[in-house]
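Novice: Numbers given in my numbering equal positions in the sequence shown, counted from 1, plus 196.
Quick reminder that beta carbons are idealized off the backbone N, C-alpha and C, glycines included.
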Amino acid sequence: MGLFHLAAANPAAEPVVVLAEAMGLTGVRAAAVAAVARAYHPHTAAESTPETDRAVAELVECCGGAADERTAARICLLVQASAATAALRAAVQAHGSVEAALRLAPPVPHTRRIGQDGAELLLELSGDLAFGAGQHACPGRAHALALVAGQLGEDCP
């Protein structure tokens with residue numbers, strides 16, 4: 197079953213749980229993904245805690261139990277998609293359309309890059325740039341839009 201149809205069949209589920217199911221993973225809890233996400237980004241003050249370690253172990257088990265590169269990639273995908281996809285769904289519900297949501301309340305309002313001089317740059321993402329562009333474009337754009345459209349009963353973009 198494709199992501200759009202899976203999302204349409206599970207409109208009340210957390211988007212990250214639907215994504216995990218589409219990836220063939222079972223037993224993924226949104227709370228476990230959120231716990232890992234809090235310690236994931238280097239620009240946050242959060243540190244790894246016993247809760248984070250338990251959440252990672254839980255997600256490793258959901259991915260088959262092997263702590264290898266494939267499992268790490270799958271967990272990273274869930275972590276990176278979790279809050280952004282949930283925020284996109286909420287913004288579409290609040291603003292009535294994907295276009296309005298991306299313009300008025302992009303799910304990831306900023307991204308960070310390091311300039312050639314080593315300085316950190318904070319870049320605004322909205323409208324046409326809500327999913328980035330060029331070599332920095334979000335590879336999950338189509339998946340996020342299909343998931344949200346399916347859950348909200350919209351046409352698949």
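For the beta strand (DSSP E) holding residue 317, just list the boundary residues, first then last.
Specialist: Start at 1 with the first residue of the sequence shown, and residue 317 comes out as number 121. Note, residue 317: beta strand (DSSP E), 316-320.
Novice: Excluding five sequence neighbours on each side, which residues of the same chain lie with their C-beta closer than 8 Å to the C-beta of residue 335?
Specialist: Working through the sequence shown from its first residue, we reach residue 335 at position 139. None.
Novice: Under 6 Å Cβ to Cβ from residue 226, same chain only, skipping five residues before and after it: list those, please.
Specialist: Position 30 of the sequence shown holds residue 226. Same-chain partners within the cutoff: 210, 212 and 213.
Novice: When DSSP builds the beta bridges, which residues end up paired with residue 307?
Specialist: Reading the sequence shown from its first residue, position 111 is the one you call residue 307. 319.
Novice: Below 8 Å, can you find three or more Cβ-Cβ pairs linking the stretch 292-299 to the stretch 240-257?
Specialist: These segments do not touch.
Novice: Could you tell me whether the stretch 335-352 touches the stretch 306-318, where touching means 3 or more Cβ pairs closer than 8 Å?
Specialist: Contact between the stretch 335-352 and the stretch 306-318 is absent, because fewer than three Cβ pairs lie under 8 Å.
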